[in-house]
Amino acid sequence: MRGLISAAARADGSAANFGEWIDKTFGRGIGDIFLRPYNTKIWACPPEDMNCTWIGDRVALTDLARVVRNIRDVHDDVSWGPNSRFRFPKTGGTGAVWKRLAALVERRMPRRMHFQHPAARVDTAAHRVTFADGTSLTYRHLISTMPLDALVERSDLASAYREDASRLRHSSTHIVGVGLHGQAPASIAGKSWMYYPEDSCPFYRLTHFSQYSPANVPDSSRQWSLIAEVSEAPEKPRDVAAVIAGTIDGLVATQLIDSRAQVHHTWHQRFGHGYPIPSLERDAALNVLLPAFEQRGVYSRGRFGAWKYEVANQDHSLAQGVEVIDALLDGAEEVTLHRPEIVNARRPARPQAVERG
Ligand SMILES: Cc1cc2nc3c(=O)[nH]c(=O)nc-3n(C[C@H](O)[C@H](O)[C@H](O)COP(=O)(O)OP(=O)(O)OC[C@H]3O[C@@H](n4cnc5c(N)ncnc54)[C@H](O)[C@@H]3O)c2cc1C
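Residue 73 is where the sequence shown starts when you use this note's numbering, and the numbers rise one by one after that.
Written out as structure tokens, the structure reads:
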């Protein structure tokens, strides 16, 4: 509270980086206890290396009066944030949304989607994509969602723009699914996900996946499940077996389970490109790379295509695809990509230093 009060008194809306933003917006208390350790864990990089434009064009100031009121009234204020309410498929997990959409596209335009068909080379001069199996096609406009650094590397622009692409930073993410015997502890009943700034566990976030839908476990009267996320800096690779073992130990250390015997099984996947880091150099690199490709008819969009964390969730990524097509057909503005502050302002405006996704 003391930190919040002194931060509010000194607030001038300026911050040179994310670390400074944390100190100026929340003060030392919440910064030291939660925001600094949590954000260092999730991004696998110091907050001082990150910009703070992704949080919102204007630096949102803490609503001190509301905090004081809530503490006085012992009121747990869970109604704020863009995702305090969300919808989720009853069966099939997140992928069910996209499978339904794909089925719709297939019905309207049969046999236009090709999977497991990686693009190996993009010749922007000849407007030609060559695939790993040796087949190729030409295009007038190409919308690419592969990571922008991979697009540069696969293109005829690699030697000209490799250095700019090397200024884009990312983290990698290990996802560990844990199937558990029994019932979730009362401490997390009704909770969808939890953040972990502490050192006693490797994960920065746990998703209480069986809480999303009883269909996410075979028998919800006897089983529950969690998804743990563990970040990795490219320069510090993690051992997969250690990530899984550390996750289970972390569940014991954070008192979510009593012993390893409660674990039915685990599942693991590593995403090389996990989070697009809004680093200090990011915007300068993007301002060179995106226009260079667009001048040659290639539109790089999506989570790592456009590399903008502030508009990199699923809804944002889909909107980027829709809007670039509208821009090509009708000259419409790509609001999501170019004016994140507008699309994000449609969500409740509060400081979002721990955005989900
Ligand atoms: C740990 C984690 C948690 C998340 N949680 C949430 C959440 O709660 N809510 C939310 O909305 N979003 C969440 N997200 C973000 C969500 O996953 C992304 O917004 C979404 O996947 C972005 O879609 P995209 O199509 O831009 O990119 P991707 O889903 O990454 O798709 C890019 C595609 O390009 C393909 N590709 C790459 N290279 C080539 C090539 N050479 N040739 C052909 N294809 C290629 C890849 O295989 C991939 O399928 C989370 C992400 C992570 C990592």
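Heads up, the beta-carbon is just placed ideally off N, CA and C, and yes, glycines get one too.
Remember, it's a predicted structure, so these values are computed and weren't measured experimentally.
Item to check | A314 versus F275: straight-line alpha-carbon distance, rounded | outcome: Here residue 314 refers to the residue found at position 242 when the sequence shown is read from its first residue. Here residue 275 refers to the residue found at position 203 when the sequence shown is read from its first residue. Each residue's Cα considered, the two are about 12 Å apart.
Checklist entry - Of the choices M122, I77, G165 and T163, whose alpha-carbon is the least far from that of A137? => result One-based indexing of the sequence shown puts residue 137 at position 65. Ranking M122, I77, G165 and T163 by Cα distance to A137 puts I77 first.
Item to check | 8 Å CB neighbourhood of Q392 in its chain, flanking five on each side removed | outcome: Counting from one through the sequence shown, the residue named residue 392 turns up at place 320. Result list for Q392: R373, G374, G377, A378, V383, E406, T408 and L409, in chain order.
Item to check | Distance, H199 Cα to T97 Cα | outcome: Stepping through the sequence shown from its first residue, residue 97 is reached at position 25. Stepping through the sequence shown from its first residue, residue 199 is reached at position 127. Going from the Cα of T97 to the Cα of H199 covers about 48 Å.
Checklist entry - Does the separation of the CB atoms of S243 and E304 fall below 9 Å? => result By one-based count along the sequence shown, residue 243 stands at place 171. By one-based count along the sequence shown, residue 304 stands at place 232. Contact: yes.
Next on the checklist: Please report the straight-line C-alpha distance between D129 and V302, rounded to a whole angstrom.
Outcome noted: Looking up residue 129 in the sequence shown gives position 57. Looking up residue 302 in the sequence shown gives position 230. A caution first: D129 carries a pLDDT of 47, below 50, which makes its placement in the model unreliable, though a value can still be read off. For D129 and V302, the distance between alpha carbons rounds to 29 Å.
Checklist entry - Applying the criterion that 16 or more other CB atoms from any shown protein chain within 10 Å of the CB defines a buried residue, is A230 buried or exposed? => result Along the sequence shown, one-based indexing puts residue 230 at 158. Flag for A230 reads exposed.
Item to check | Burial state of N111, where buried means 16 or more other Cβ atoms lie within 10 Å | outcome: Stepping through the sequence shown from its first residue, residue 111 is reached at position 39. Answer is buried; the Cβ neighbour count reaches 16.
Checklist entry - Got a sec, what are the start and stop residues for the beta strand (DSSP E) V248 sits in? => result Mapped onto the sequence shown, residue 248 falls at position 176. First-last of the beta strand (DSSP E) with V248: H242 to H253.
Checklist entry - Would you say R157 touches ligand 1, meaning its beta carbon is less than 8 Å from a heavy atom? => result Mapped onto the sequence shown, residue 157 falls at position 85. R157 Cβ: outside cutoff for every heavy atom of ligand 1.
Checklist entry - What are the boundary residues of the beta strand (DSSP E) that includes I299? => result To locate residue 299, count along the sequence shown from 1; it is residue 227. Note, I299: beta strand (DSSP E), Q295 to E304.
Checklist entry - When DSSP labels each residue in this structure, what does D355 get in the three-state scheme? => result On the sequence shown, position 283 is the one that residue 355 refers to. D355 falls in the helix class under three-state DSSP.
Next on the checklist: What residue range does the beta strand (DSSP E) around V335 cover?
Outcome noted: In the sequence shown, counting from the first residue as 1, residue 335 sits at position 263. V335 to P348 is the span of the beta strand (DSSP E), which, as asked, contains V335.
Item to check | Where the alpha helix (DSSP H) through W126 begins and ends | outcome: The residue you call residue 126 lines up with position 54 of the sequence shown. Premise fails: W126 is in no alpha helix (DSSP H) and is neither H nor E.
Item to check | For V201 and L209, the rounded distance between their alpha carbons | outcome: Within the sequence shown, numbered from 1, the residue matching residue 209 stands at position 137. Within the sequence shown, numbered from 1, the residue matching residue 201 stands at position 129. For L209 and V201, the distance between alpha carbons rounds to 6 Å.
Next on the checklist: Which of the three DSSP states is assigned to V265 in this structure?
Outcome noted: In the sequence shown, residue 265 corresponds to position 193, counting from 1. According to the sequence displayed, residue 265 carries Trp and not Val. Correct three-state label for W265: strand.
Checklist entry - Cβ of M266 versus every heavy atom of ligand 1: is any distance shorter than 8 Å? => result Here residue 266 is taken as the residue at index 194 of the sequence shown, counted from 1. No, the Cβ of M266 stays beyond 8 Å of every heavy atom of ligand 1.
Next on the checklist: On the DSSP bridge list, what partners appear for T196?
Outcome noted: Position 124 of the sequence shown holds residue 196. Paired residue(s): none; T196 is not in a bridge.
Checklist entry - Are L214 and V194 touching if we call contact CB-CB under 9 Å? => result Counting from one through the sequence shown, the residue named residue 214 turns up at place 142. Counting from one through the sequence shown, the residue named residue 194 turns up at place 122. Cβ distance < 9 Å, so L214 and V194 count as in contact.
Next on the checklist: Alpha carbons only, please: which of N359, R294, H246 and L361 is nearest the one belonging to G346?
Outcome noted: As a first step, residue 346 is located in the sequence shown; it is residue number 274 there, counting from the start. The shortest Cα separation from G346 among N359, R294, H246 and L361 belongs to H246.
Item to check | Where V131 sits in the DSSP three-state scheme | outcome: Taking the first residue of the sequence shown as position 1, residue 131 is located at position 59. Because V131 sits at a pLDDT of 39, beneath the cut-off of 50, its placement in the model cannot be relied upon, and the following sentence gives the value as read from the coordinates. V131 falls in the coil class under three-state DSSP.
Item to check | Proximity winner among A197, L107 and W170, relative to M185 (alpha-carbon distances) | outcome: Counting from 1 along the sequence shown, the entry for residue 185 is found at position 113. The residue with the shortest Cα to Cα distance from M185 is W170.
Item to check | DSSP-derived helix/strand/coil call for F90 | outcome: Position 18 of the sequence shown holds residue 90. Note: F90 maps to helix in three-state DSSP.
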